[in-house]
Ligand code: SF4
Ligand code: SF4
Ligand code: SF4
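Residue numbers (the working numbering): 29 to 207.
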């Protein structure tokens, strides 16, 4: 069984927000909310500064605190692709998962349940890439199986420098940023 992840090339991301708009349209994300967003980070000391622009979303962590703290089982690891998902009709809106996520990746949907990136499993099951990946004009996002040694994501991770967000949180995120 696959273990899906994403590799994002920060050298190619231009911060155009097309991924954000594509996600909102594909997943009927209510106005004013988003499952993905653009972050910018300046590193180094003047004058040797570098700026990283990156698209962020739920990291579908291998050690997800949002799942272990959920009192109802609404937040769970889905067998298909080993992704972290929320079953809306099991969610009581207690927000324990929101408090536990170090990435601020979840929000309360106006209908009362918690929502977040699903890795577009409905598209992946049809053999398509997630919506954000498929619209990116610079092709900076790669989606694939981290357990398949021959996958494009693993080829990139083997050949390029990369990092994850807040590794010290111990969640073992599955979105990798190429630098
Ligand atoms: Fe859970 Fe947050 Fe990790 Fe997503 S990024 S799996 S919401 S802890
Ligand atoms: Fe679980 Fe919903 Fe509570 Fe989150 S808000 S911990 S998904 S019941
Ligand atoms: Fe949105 Fe799908 Fe991309 Fe997640 S994978 S950010 S749900 S478009």
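By construction, the Cβ of each residue, glycine as well, lies at the ideal position given by its N, Cα and C atoms.
In this structure residue 33 does not touch residue 184 by the C-beta definition: roughly 11 Å separates them, more than the 8 Å allowed. Proximity to residue 81 across 75, 114, 87 and 43 peaks at 43, based on C-alpha coordinates.
Excluding its 5 nearest sequence neighbours in each direction, residue 95 has C-beta neighbours in its own chain below 7 Å: 103, 104, 105 and 112, listed in chain order. A direct Cα-to-Cα measurement between residue 109 and residue 30 gives close to 5 Å. Proximity of the beta carbon of residue 124 to ligand 2 is indicated: a heavy atom of the ligand is located closer than 6 Å. Here the C-alpha atom of residue 167 lies approximately 30 Å from the C-alpha atom of residue 136. Among the bridge pairs identified by DSSP, residue 80 is matched with 69.
With distances taken between CA atoms, residue 84 lies nearest to 147 out of 151, 147, 98 and 119.
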